[in-house]
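Student: My questions all concern the structure below.
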Amino acid sequence: MPSNRRSFIKETGAALLATSLLPSVDLAAMADPVQKLTILHTNDVHSRLDPFPMDGSRNQGLGGVSARSALISLIRQEEEHVLLLDAGDIFQGTPYFNIYKGEPEIKAMTAMQYDAATMGNHDFDLGMENFATQLKHASFPILLSNYDFSGTELEGKTRPYKIFKKGSLQIGVFGIGIELKGLVPDNLYGKTVYQDPITVANTTATMLKKKGCDLVICLSHLGDRYTDNKVSDEVLAKESYDIDLIIGGHTHRFFEEPRKYTNKKGGDTVVNQVGFGGIQLGRLEYHFSHLAGKKLAKAHTVVVGKKTRE
Amino acid sequence: MIALLMPYAKDINATMNKVIGISGGNYNNNRPESEIGNFLADAYLQMASEKFGRKVDAGFMNAGGVRSYLSKGNITVGKIFEIMPFDNILVLQELKGSVLQAYLDKMAEDGGWPVSKGVTMVIRNKKATQVMINGKPLDANTVYVVAHSDYIANGGGDCDMLRSVPQINKGYLMRDAIIDYVTKLTAEGKTIQPLIENRVTNAQ
């Protein structure tokens, strides 16, 4: 599988390039310093702790927590401000989960210093009590703003959002889960109440902006888009006001590049997703400056495993 | 990271690397019909009729439940866990033809699900048409015995039409049914070959 490297949003790129040709570039940079933020992300890793087996299939040798961990460490050495996020379906898919119920998955994510994750439908597979048990191994929060877990084993075990401070920046991250009825067996989600993702996401994002967040990220397990009018990341992006970035999952889609939508405020809401199984690591680089504002300067997809290169 | 994983991996490899059969080719997971889907639906049909000791008309599974593929070469226990990681139970339901039609329509709407040999249908405008069950057109008043997962029988995959139909359940894991099916074919000296035979097609 080829590795992709693309910088795709260029609206301020030309202006920056022109400035950089002038001798006063250093003065300009000093007057309006740029702060970089690197967002690394995964989704639907599905208990893929080992690389895909060498069985002649197209994903053979790819993925695995050892390679991902090494890659993340390398990026952390290069970049000062890194956020590492996961969009759910951490669990289910290899015998590790059948036997150890998610313990090594969560321990590996803790070792890689994930900053936050949301829950996917398969994270309910051994029940909410099991998810709560495995969370004891997590040093990162599970973010969910549209599931009400009151009266369930997960009550008080997740939080709607978290604000991360990176240098002078404040990054607001919140989670959105998919409708569970018809997807997850009734007994596994019990009294969990699913609330409308669009309404909750918009309220949460606006609140985060009002709290002064420079960037608002939604970790979503809704799925990127559907042929019918089922709610999806695409629908959410178009209906949103204050969400800058949706890191998606569920549909296991390998995006060629992030998708950019015009939101209700006329601004950009970007959606990205990196397939499944930890085959790829998403890498988005945002630049923030006082005068130019924020922009997604680079977007790469890094293939994890033996063919890793950038 | 290797040290973290080692104690878990050691135990996993001991149980999961056991070879139970040989695959003669590569199985893909496509819509509306796939090699892996046909293999699984046939496994459920065959093992359900053996386990429950009665005639079963069809085996089904939800396309979203097919989680991996088979490659040419050794079939290990671990591979079956990847194909069917869920601890779902293989159950029987007796469905009136009209309910079966609604169920097949749901499959058609979702792009086609795996069906066992003897079942054919053409997806037209998101509906199941020209449905044949073991050589005869589907009859709205005939009762059909179908084998599938408790997940679907409980209304999963948006199969609300199945929720109220009683289930016959012997606690037989679907994964065990697949393992038993492969073991049985291997013991009989049969090769396990990928198969596409136009069970589910899209209308031209």
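One line per chain: the protein sequences are S and P, in this order. Residue 19 in my numbering sits at position 19 of the first sequence, with consecutive numbering throughout. Throughout, my numbering is defined as the position within the second sequence, counted from one, plus 310. Ideal placement from N, C-alpha and C gives every residue a C-beta, glycine not left out.
#1: How many Å lie between Ile390/P and Ile489/P at the Cα?
#2: Between Leu135/S and the rest of its own chain, which residues show a CB-CB distance below 8 Å, the 5 nearest in sequence each way excluded?
#3: With 16 other CB atoms within 10 Å as the buried threshold, where does Asp321/P fall?
#4: Name, please, each residue of chain S whose Cβ falls closer than 8 Å to the Cβ of Leu495/P.
#5: Leaving out the 5 sequence neighbours to the left and right, which residues in its chain are closer than 8 Å to Arg68/S when beta-carbon positions are compared?
#6: Nearest to Lys295/S by alpha carbon, out of Gly266/S, Arg253/S and Asp244/S?
#7: Which stretch, first to last residue, makes up the alpha helix (DSSP H) that contains Lys264/S?
#8: Let me check one thing: in DSSP terms, what residues is Ala116/S bridge-paired to?
#9: Would you be able to state if there are at least three C-beta pairs under 8 Å between the segment 414 to 422 of chain P and the segment 431 to 450 of chain P?
#10: Helix, strand or coil for Pro447/P, going by three-state DSSP, please let me know.
#11: Taking the alpha-carbon positions, what's the Asp367/P to Asp196/S distance?
#12: What residues from chain S crowd round Ser459/P, counting only those whose CB sits closer than 8 Å?
#13: Distance check for Thr110/S and Gly64/S, CA to CA, integer angstroms please.
#14: Compare the C-alpha of Gly421/P against each of Lys427/P, Ala373/P and Ser474/P and name the closest.
#15: Taking DSSP's pairing of strands, which residues face Arg434/P in a bridge?
#16: Out of Ile176/S, Ala116/S, Ile75/S and Leu222/S, which has the shortest C-alpha to C-alpha gap to Thr203/S?
#17: As an exercise, report each continuous beta strand (DSSP E) stretch of at least 3 residues that is fully enclosed by the segment 232 to 287 of chain S, in chain order.
#18: May I ask you to report which of helix, strand or coil DSSP gives Val304/S?
#19: Flag Thr430/P as yes if its beta-carbon sits less than 9 Å from any beta-carbon of chain B, otherwise no.
#20: Which runs of the beta strand (DSSP E) spanning at least 3 residues fall entirely within the segment 154 to 198 of chain S, listed in chain order?
#21: Since Tyr286/S contacts Ile39/S with CB under 8 Å, what's their CB separation in whole angstroms?
#22: Looking at C-alpha atoms only, which residue of Asp125/S, Gly88/S, Glu234/S and Gly212/S is the closest neighbour of Asp224/S?
#23: Using DSSP bridges, identify the partner residues of Met442/P.
#24: Should Thr501/P be flagged as near chain S, meaning a C-beta pair shorter than 9 Å?
#25: Any idea what DSSP makes of Gln411/P, helix, strand or coil?
#26: Please name the residue in Gly466/P, Thr511/P and Ala457/P whose C-alpha comes closest to that of Phe362/P.
#27: Determine the burial state of Pro395/P: buried for a count of at least 16 other Cβ atoms within 10 Å of its Cβ, exposed for fewer.
#28: Is the Cβ of Glu103/S closer than 9 Å to any Cβ of chain P?
#29: Using a Cβ cut-off of 9 Å (strictly closer), state whether Ala70/S contacts chain P.
#30: Specify, as a first and last residue, the run of the beta strand (DSSP E) that Leu222/S falls within.
#31: In the DSSP output, which residue or residues are listed as bridge partners for Asp486/P?
#32: State yes or no: is the beta carbon of Met471/P nearer than 9 Å to at least one beta carbon in chain S?
#33: Taking contact to mean 3 or more Cβ pairs, one atom from each stretch, closer than 8 Å, check whether the segment 212 to 222 of chain S and the segment 115 to 133 of chain S are in contact.
#34: Rounded to whole angstroms, what's the CA-CA distance from Asp89/S to Ala31/S? Just pull it up for me.
#35: Can you give the Cα-Cα distance for Thr452/P and Ala463/P, rounded to whole angstroms?
#36: How long is the line joining the alpha carbons of Lys500/P and Tyr161/S, rounded to whole angstroms?
Tutor: Let's see:
#1: Between the alpha carbons of Ile390/P and Ile489/P lies a gap of roughly 7 Å.
#2: Answer for Leu135/S: Ile106, Ile142 and Lys157, listed in chain order.
#3: So Asp321/P counts as exposed.
#4: Simply none; closest approach about 19 Å.
#5: Excluding positions up to five away in sequence, the list reads Thr42, Met112, Gly278, Leu281 and Val304.
#6: It is Asp244/S.
#7: Careful: Lys264/S lies outside any alpha helix (DSSP H) and carries neither H nor E.
#8: In DSSP, Ala116/S forms a bridge with Leu85/S.
#9: When Cβ pairs closer than 8 Å are counted between the two stretches, the segment 431 to 450 of chain P is seen to touch the segment 414 to 422 of chain P, the count reaching three or more.
#10: Note: Pro447/P maps to strand in three-state DSSP.
#11: When only Cα atoms are considered, Asp367/P and Asp196/S end up about 41 Å apart.
#12: For Ser459/P, no chain S residue has a C-beta closer than 8 Å to its own C-beta; the minimum C-beta separation is roughly 10 Å.
#13: Taking C-alpha positions only, Gly64/S is separated from Thr110/S by approximately 15 Å.
#14: Measuring from the Cα of Gly421/P, the nearest candidate turns out to be Ala373/P.
#15: Under the DSSP definition of a beta bridge, Arg434/P partners with Lys437/P.
#16: Nearest option by C-alpha distance: Ile176/S.
#17: Runs found: 245 to 247, 259 to 262 and 268 to 272.
#18: Assignment of Val304/S by DSSP, reduced to helix, strand and coil, places it in the coil class.
#19: The structure shown has no chain B; the protein chains it does contain are S and P.
#20: Here the runs fully enclosed are 161 to 166 and 169 to 176.
#21: At roughly 7 Å, the Cβ-Cβ gap stays under 8 Å, so Tyr286/S and Ile39/S are in contact.
#22: Checked all of Asp125/S, Gly88/S, Glu234/S and Gly212/S; the closest Cα to Asp224/S is Glu234/S.
#23: Per DSSP, the beta bridge partners of Met442/P are Thr430/P and Pro447/P.
#24: So no, Thr501/P is outside the interface.
#25: In this structure, Gln411/P counts as helix in the three-state DSSP scheme.
#26: Comparing Cα positions, the closest option is Ala457/P.
#27: Flag for Pro395/P reads buried.
#28: For Glu103/S, the answer is yes, since a Cβ of chain P falls inside 9 Å of its Cβ.
#29: Taking 9 Å as the threshold, the shortest C-beta distance from Ala70/S to chain P falls below it.
#30: From DSSP, Leu222/S is part of no beta strand (DSSP E); its letter is neither H nor E.
#31: By DSSP's assignment, Asp486/P forms no beta bridge with any residue.
#32: It does not; no Cβ of chain S falls within 9 Å.
#33: The segment 115 to 133 of chain S and the segment 212 to 222 of chain S touch, with three or more beta-carbon pairs separated by less than 8 Å.
#34: The straight-line gap from Cα to Cα measures roughly 44 Å.
#35: Answer to the nearest angstrom: the Cα atoms are 19 Å apart.
#36: Distance between the alpha carbons of Lys500/P and Tyr161/S: 55 Å.
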